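>
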Amino acid sequence: MSWRSPFTNLFRRSPQYSTVSNTPQVSDSDYSYIVDGAAGTYRNQDDNAPDTLLLKHKRNAYELNFPAYAINDGTLSVRELRRRAAEATGAPDPKRVKLLYKGKLLDDDDLPCRDEGLKQQSEVLCVVSEVGESTPSEGSDAEDKASDSAPPDDAPRPKRVRNRNKNKKNKNKKKNKDGADSLAPSADQKPSASPSRSTLPAPAPNLKAFSTPLEQAQALSAYFQRELLPLCDEYIANTPTDPKSREFEHAKLSETILAQVLLRADGIEPDGNVDARNARKALVKEAQSTLTKLDQAKA
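Under full-length UniProt numbering, the first residue of the sequence shown is numbered 1, with each subsequent residue one higher.
1) Which of the three DSSP states is assigned to Ala-70 in this structure?
2) Could you give the first and the last residue of the continuous beta strand (DSSP E) run that contains Val-128?
3) Are the CB atoms of Leu-55 and Ala-85 nearer to each other than 8 angstroms?
4) Between which two residues does the alpha helix (DSSP H) harbouring Thr-290 extend?
5) At the level of alpha carbons, what is the spacing between Ala-91 and Val-128?
6) Please report the straight-line C-alpha distance between Lys-119 and Leu-291, rounded to a whole angstrom.
7) Ordered along the chain, which non-local residues of its own chain (more than five positions away) have a Cβ less than 8 angstroms from that of Asp-115?
8) Say yes only if the C-beta of Thr-199 is nearer than 7 angstroms to one or more non-hydrogen atoms of the ligand HEM, and no if none qualify.
9) Mind checking which residues open and close the beta strand (DSSP E) that includes Val-261?
10) At which residues does the beta strand (DSSP E) containing Thr-52 begin and terminate?
11) Helix, strand or coil: which one does DSSP assign to Ala-91?
12) What does the alpha-carbon distance come out to for the pair Pro-201 and Leu-253?
13) Assuming Arg-59 and Glu-227 are in contact, meaning their beta carbons sit under 8 angstroms apart, how far apart are those beta carbons, in whole angstroms?
14) Given Pro-203, which residues of its chain have a CB within under 7 angstroms of its CB, disregarding the five upstream and five downstream residues?
15) Counting pairs of beta carbons, one from the stretch 212-224 and one from the stretch 260-273, are three or more of them closer than 8 angstroms?
16) Where does Asp-154 land, buried or exposed, given buried means 16+ other C-beta within 10 angstroms?
17) Alpha carbon to alpha carbon, what distance is there between Phe-224 and Ala-70?
18) When you compare the CB positions of Asp-108 and Val-78, do they come within less than 8 angstroms of one another, or not?
19) Candidates His-57, Asn-48, Glu-286, Arg-83: which alpha carbon is nearest Pro-67's?
20) Could you check the C-alpha separation between Gln-288 and Lys-104 for me, to the nearest Å?
21) Please state whether DSSP places Lys-208 in a helix, a strand or coil.
22) Would you check if the distance between the CB atom of Ser-293 and the CB atom of Ile-236 is smaller than 8 angstroms?
23) Along the beta strand (DSSP E) that carries Leu-100, what are the first and last residues, could you check?
24) Less than 8 angstroms between the CB atoms is what I'm expecting for Ala-217 and Arg-280, so what's the real figure, rounded?
25) Where does Glu-63 sit, in a helix, a strand or coil, going by DSSP?
26) Would you kindly report the start and end of the unbroken alpha helix (DSSP H) that includes Pro-203?
27) Is it right to say Thr-256 is buried, meaning 16 or more other beta carbons lie within 10 angstroms of its own, or is it exposed?
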């Protein structure tokens with residue numbers, strides 16, 4: 001007996017398998033292969049996706065796309081973001097575009113957006129001063145021109161042409177009005193109207209009317225406390241349930257704080273005055289904190 005005979009039977013096919021007639025036929029079409037090119041395609045789909053920033057301007061939202069990794073690599077500058085924002089909003093000059101991110105004014109065009117804390121899908125608030133409108137730095141000049149164009153107190157007033165028939169009608173109207181007033185409640189009995197959400201807040205005071213930087217900061221702070229903060233507190237406490245109203249009121253208040261408070265505060269020059277610098281710093285900090293609360297209420 002050969003020494004290989006015991007092992008030979010181990011490799012022999014079993015009779016029941018050797019007689020199977022319907023063996024499955026397998027071809028190359030039954031397999032799918034991922035070639036190098038296809039693998040690169042799947043891998044690069046996410047890699048080539050653009051970086052996206054969301055620009056909020058009034059009631060509009062714009063999706064700004066930039067090359068992949070432009071934000072993370074630091075190649076996207078604030079200047080380029082401002083230029084793209086001007087294109088999206090139709091601003092005639094990028095210099096008229098003011099950008100705000102998380103309560104901070106993006107005023108250094110040379111800085112990368114990454115250094116300002118921006119990342120993928122970040123929301124940037126935008127305010128545009130159109131041609132003919134006054135920017136924060138030009139606002140006082142516009143107000144000065146308006147005051148200069150007003151007629152002086154001693155200027156001769158145009159004579160009124162009296163109409164007798166008209167006077168008779170006015171007398172009759174006055175009698176009717178007096179009768180109606182007797183039935184109407186007095187002014188102190190009328191309920192006071194709450195601030196309307198549909199109206200825009202009053203503009204900030206003319207800072208050129210104040211002689212020192214400290215007075216300017218104090219006046220701007222008083223305006224913020226008096227005109228804007230109550231509206232913001234109302235929005236935070238009673239946020240509109242309607243999505244459109246909620247978005248509109250948020251944009252109105254946020255852009256007003258940016259244009260009327262933060263931008264004007266940025267134009268105050270302390271000139272070494274510690275009190276003025278501290279007052280301006282406190283105002284900016286409070287305005288930024290209010291913006292954060294508005295964002296949280298809207299979310």
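Cβ coordinates follow ideal geometry from the N, Cα and C atoms, glycine included. In this text, all values refer to a predicted model and were calculated from it rather than measured experimentally.
Inspection of the coordinates gives the following:
1) Within the sequence shown, numbered from 1, the residue matching residue 70 stands at position 70. In the structure shown, Ala-70 sits in coil (DSSP, three-state: anything other than H, G, I, E or B).
2) Taking the sequence shown and counting its residues from 1, one reaches residue 128 at position 128. That run of the beta strand (DSSP E) goes 123-128.
3) As a position in the sequence shown, residue 55 is number 55, starting the count at 1. As a position in the sequence shown, residue 85 is number 85, starting the count at 1. Yes, these two residues count as a Cβ contact at 8 angstroms.
4) Stepping through the sequence shown from its first residue, residue 290 is reached at position 290. From DSSP, the alpha helix (DSSP H) with Thr-290 extends over 274-298.
5) Working through the sequence shown from its first residue, we reach residue 91 at position 91. Working through the sequence shown from its first residue, we reach residue 128 at position 128. Roughly 7 angstroms separates the two Cα atoms.
6) Stepping through the sequence shown from its first residue, residue 119 is reached at position 119. Stepping through the sequence shown from its first residue, residue 291 is reached at position 291. Going from the Cα of Lys-119 to the Cα of Leu-291 covers about 19 angstroms.
7) Counted from its first residue, the sequence shown places residue 115 at position 115. If we look at Asp-115 and ignore the five residues flanking it on each side, its Cβ neighbours are Gly-74.
8) For the ligand HEM, the structure offers nothing, since it holds no ligand at all.
9) Looking up residue 261 in the sequence shown gives position 261. No beta strand (DSSP E) holds Val-261; DSSP gives it neither H nor E.
10) For this step, residue 52 is matched to residue 52 along the sequence shown. It spans 51-57 - the beta strand (DSSP E) in which Thr-52 sits, taken as one unbroken run.
11) By one-based count along the sequence shown, residue 91 stands at place 91. Looking at Ala-91 - three-state DSSP - the assignment turns out to be coil, as it is neither helix nor strand.
12) Reading the sequence shown from its first residue, position 201 is the one you call residue 201. Reading the sequence shown from its first residue, position 253 is the one you call residue 253. Roughly 8 angstroms between the two C-alpha positions.
13) Position 59 of the sequence shown, counting from 1, holds the residue named residue 59. Position 227 of the sequence shown, counting from 1, holds the residue named residue 227. Between Glu-227 and Arg-59 the Cβ distance is about 22 angstroms, and since that is not below 8 angstroms, they are no contact.
14) On the sequence shown, residue 203 is found 203 positions in, with the first residue counted as 1. Gln-260, listed in sequence order.
15) yes
16) Position 154 of the sequence shown, counted from the first residue, corresponds to residue 154. In this prediction, Asp-154 scores a pLDDT of 41, lower than 50, which makes its location untrustworthy; no coordinate-derived value is stated.
17) Along the sequence shown, one-based indexing puts residue 70 at 70. Along the sequence shown, one-based indexing puts residue 224 at 224. If I take the Cα positions, the gap works out to 37 angstroms.
18) Numbered from its first residue, the sequence shown carries residue 108 at position 108. Numbered from its first residue, the sequence shown carries residue 78 at position 78. Cβ atoms of Asp-108 and Val-78: closer than 8 angstroms.
19) Within the sequence shown, residue 67 is the residue found at index 67, counting from 1. The option with the nearest alpha carbon to Pro-67 is Asn-48.
20) For this step, residue 288 is matched to residue 288 along the sequence shown. For this step, residue 104 is matched to residue 104 along the sequence shown. Whole-angstrom Cα-Cα distance: 7 angstroms.
21) Sequence index remark: in the sequence shown, residue 208 carries index 208 (1-based). In this structure, Lys-208 counts as helix in the three-state DSSP scheme.
22) Against the sequence shown, residue 293 aligns to sequence position 293. Against the sequence shown, residue 236 aligns to sequence position 236. Looking at the sequence shown, residue 293 is not Ser but Lys. Yes, the pair counts as a contact, with Cβ atoms nearer than the cut-off.
23) Position 100 of the sequence shown, counting from 1, holds the residue named residue 100. Segment 97-101, the beta strand (DSSP E) holding Leu-100.
24) Residue numbering aside, residue 217 sits at position 217 when the sequence shown is read from its first letter. Residue numbering aside, residue 280 sits at position 280 when the sequence shown is read from its first letter. Confirmed, Cβ separation roughly 5 angstroms.
25) Walking along the sequence shown from the start, residue 63 turns up at place 63. Here Glu-63 sits in strand by DSSP.
26) In the sequence shown, residue 203 corresponds to position 203, counting from 1. Unbroken run through Pro-203: none, as it is neither H nor E.
27) Looking up residue 256 in the sequence shown gives position 256. It counts as buried.
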